[in-house]
Amino acid sequence: MKISIIAVGKLKEKYLKQGIQEYVKRLQAYANMEIVEVADEKAPETMSEAEMLEVKRKEGERILKAVHPDAYVVTLEIEGKMYTSEQLAAKMDELATYGKSKLTFIIGGSLGISKDVQQRSDLALSFSKMTFPHQLMRLVLLEQIYRGFRINRGEPYHK
1 MKISIIAVGK
11 LKEKYLKQGI
21 QEYVKRLQAY
31 ANMEIVEVAD
41 EKAPETMSEA
51 EMLEVKRKEG
61 ERILKAVHPD
71 AYVVTLEIEG
81 KMYTSEQLAA
91 KMDELATYGK
101 SKLTFIIGGS
111 LGISKDVQQR
121 SDLALSFSKM
131 TFPHQLMRLV
141 LLEQIYRGFR
151 INRGEPYHK
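Counting with full-length UniProt numbering, you get residues 1 to 159 for the letters of the sequence shown.
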């Protein structure tokens, strides 16, 4: 399976980079991993609704350019469906079983994702009703992908 994470913005924090590198290394035994960073749109602190939509639209264009046409796309959205770790593992297993070998997760920028990206999504996934920094979500997502592979293989992993 080829798993891609498309994320808006550059990762700056050293501790997050180290954690992400660790999970990417662990995942090499299970899948081909790729993390694609697309540029975030420069925006002032206070914006009108129209300006926010324009920022999301521009970031969305960059995201969609990075999505492989055959990919099964999962967007991370507050209003998405919540899964347990076991349910996410089962979904990943189901996709692999039925020939969806390219799985792409999308983490939007600080304003979220555009309507065009939402329309391209095959599954809107929520980790919580809370808002998390999108940089931190890369690490959390990688851990859950890794956990999913461990669950599917019946391998031990802390609960």
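Even for Gly, the Cβ is constructed at its ideal location relative to N, Cα and C.
DSSP lists K2 as the beta-bridge partner residues of N32. Measuring C-alpha to C-alpha distances from T75 to each of L64, S85, I151 identifies L64 as the nearest.
A89 sits buried, since 16 or more C-beta atoms from the chains shown fall within 10 Å of its C-beta. Counting along the chain, A96 sits inside no beta strand (DSSP E); it lies in the alpha helix (DSSP H) bounded by residues 85-97.
Put simply, the backbone Cα of R147 is about 24 Å away from that of V8.
Burial is judged here by how many other beta carbons sit within 10 angstroms of a residue's own beta carbon; E59 has at least 16 and is buried. For the set G108, K2, E86, M82, the Cα lying nearest the Cα of M137 is the one of G108. Selection R153, S4, E155, E143 evaluated against P69 yields S4 as nearest (Cα-Cα).
Taking 8 Å as the cut-off, the beta carbon of L16 is found closer than this to the beta carbon of Q135.
Closest option to A39, judged by alpha-carbon separation, among I20, G80, Y72, R62: R62.
Here E86 is not near S126, since their CB atoms are 8 Å or more apart. Across the set R150, S128, L141, S114, the C-alpha of L141 shows the shortest separation from the C-alpha of L103.
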